[in-house]
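**Student:** Taking this note's numbering, the leading residue of the sequence shown gets 190, the next gets one more, and so forth. Submitted below is the structure of interest, expressed as structure tokens.
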Amino acid sequence: MSPAADRLIVALDTGSLAQAEGVVCALRPAVRWFKVGSELFTAAGPDAVRMVQGYEARVFLDLKWHDIPNTVAGAVRSAAGLGVAMMNVHVAGGEAMLRAAVAAKASTILIGVTVLTSDAAPVDSVVEAARLGQRCRLDGVVASAREAAAIKTACGRDFVIVAPGIRPGAVAGDDQ
190 MSPAADRLIV
200 ALDTGSLAQA
210 EGVVCALRPA
220 VRWFKVGSEL
230 FTAAGPDAVR
240 MVQGYEARVF
250 LDLKWHDIPN
260 TVAGAVRSAA
270 GLGVAMMNVH
280 VAGGEAMLRA
290 AVAAKASTIL
300 IGVTVLTSDA
310 APVDSVVEAA
320 RLGQRCRLDG
330 VVASAREAAA
340 IKTACGRDFV
350 IVAPGIRPGA
360 VAGDDQ
């Protein structure tokens, strides 16, 4: 198993590049992965990615693309060109969109959002979405921790699972 620093992704859920940099600076080198999501990327754009990379950390670009295949492929290609280590697409975008994204990803890890973790979904529908992602050659999926065992059984141990919103017991759960 890889070290904890390789399995923990800290979310930079802020609209302020300076605030995000404060978090990265405080946590490096103990934390190697940081998530740049919609709020920070909309506020700071590619500068947010470059800031994290400037601390020799890896970026999970969490923009959850879901559009026509050509548009998603272009976004994936552009993100790969920025050097992000991981990014995601919605599995609900369908087989053509997923295959176009995979073709454009270069060496970047590409994972699929099965369902939003704020939405309750039966485990079997999440597993079926994960299987679709695997058939389309995604590297893994975003799924809740309660679904991880079923997905590993269906898709194998090498299929990446990113479980968002895991916090220490004393921290509020928000919408995750």
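Beta carbons are placed, not taken as given, at the ideal position from N, Cα and C, and that holds for glycine. Just so it is clear, the structure is predicted and the values come from calculations on it, not from any experiment.
Give me the residue from 193, 230, 211 with the minimum Cα distance to residue 268.
**Tutor:** Indexing the sequence shown from 1 puts residue 268 at position 79. When each option's Cα is compared against that of residue 268, the closest is 230.
**Student:** I want to know whether the segment 240 to 252 touches the segment 208 to 225 - three or more CB-CB distances under 8 Å.
**Tutor:** Cβ pair count under 8 Å is three or more, so yes.
**Student:** When the Cα of residue 298 is compared with those of 194, 265, 282, which residue comes out closest?
**Tutor:** In the sequence shown, counting from the first residue as 1, residue 298 sits at position 109. Ranking 194, 265, 282 by Cα distance to residue 298 puts 265 first.
**Student:** Tell me residue 277's beta-bridge partners as DSSP assigns them.
**Tutor:** Here residue 277 refers to the residue found at position 88 of the sequence shown. 300.
**Student:** Please state if the CB of residue 329 and the CB of residue 355 are separated by a distance shorter than 8 Å.
**Tutor:** Taking the first residue of the sequence shown as 1, we reach residue 355 at position 166. Taking the first residue of the sequence shown as 1, we reach residue 329 at position 140. No, the pair does not count as a contact, with Cβ atoms beyond the cut-off.
**Student:** Using the beta-carbon count (16 or more within 10 Å), is residue 277 buried or exposed?
**Tutor:** The count along the sequence shown starts at 1 and reaches residue 277 at position 88. The residue in question, residue 277, is buried, as its Cβ has 16 or more Cβ neighbours within 10 Å.
**Student:** Counting only C-beta atoms, is residue 330 closer than 8 Å to chain D at any point?
**Tutor:** Included in the structure is just one protein chain, with no chain D present.
**Student:** If I measure Cβ to Cβ from residue 257 and keep anything under 8 Å in the same chain, skipping five residues before and after, which residues do I get?
**Tutor:** Position 68 of the sequence shown, counted from the start, is the residue given in the question as residue 257. Closer than 8 Å at the Cβ level, and outside the excluded window around residue 257, lie 286.
**Student:** Could you pull the DSSP bridge partners for residue 202 from this structure?
**Tutor:** For this step, residue 202 is matched to residue 13 along the sequence shown. DSSP output for residue 202 lists no bridge partner at all.
**Student:** Please classify residue 260 as buried or exposed, where buried requires at least 16 other C-beta atoms within 10 Å of its C-beta.
**Tutor:** Working through the sequence shown from its first residue, we reach residue 260 at position 71. The residue in question, residue 260, is exposed, as its Cβ has fewer than 16 Cβ neighbours within 10 Å.
**Student:** Identify whether residue 247 lies in helix, strand or coil by the three-state DSSP scheme.
**Tutor:** Locating residue 247 in the sequence shown gives position 58, counting from the first residue. Residue state, collapsed to three classes: strand.
**Student:** Suppose you measure from the CA of residue 280 to the CA of residue 296; what does that come to, to the nearest Å?
**Tutor:** Looking up residue 280 in the sequence shown gives position 91. Looking up residue 296 in the sequence shown gives position 107. Residue 280 and residue 296: Cα-Cα distance of roughly 19 Å.
**Student:** With a threshold of 16 other CB atoms inside 10 Å of the CB of residue 209, please say whether the residue is buried or exposed.
**Tutor:** On the sequence shown, position 20 is the one that residue 209 refers to. Looking at its Cβ environment, which holds 16 or more other Cβ atoms inside 10 Å, residue 209 is buried.
**Student:** What three-state label does DSSP hand residue 294 in the structure shown?
**Tutor:** Residue numbering aside, residue 294 sits at position 105 when the sequence shown is read from its first letter. Coil at residue 294, not helix or strand.
**Student:** Which whole-angstrom value is the C-beta distance of residue 237 and residue 197, which I expect to be below 8 Å?
**Tutor:** Your numbering for residue 237 matches position 48 in the sequence shown. Your numbering for residue 197 matches position 8 in the sequence shown. Incorrect: roughly 19 Å between the Cβ atoms, too far for contact.
**Student:** Starting from residue 261, trace the alpha helix (DSSP H) in both directions and tell me its first and last residue.
**Tutor:** Your numbering for residue 261 matches position 72 in the sequence shown. Note, residue 261: alpha helix (DSSP H), 258 to 271.
**Student:** Consult DSSP for residue 211 and reduce its assignment to one of helix, strand or coil.
**Tutor:** Within the sequence shown, residue 211 is the residue found at index 22, counting from 1. Reduced to three states, the DSSP call for residue 211 is helix.
**Student:** Which one of 290, 216, 292 has the shortest CA to CA distance from residue 194?
**Tutor:** Position 5 of the sequence shown holds residue 194. Residue 216 is the option with its Cα nearest to residue 194.
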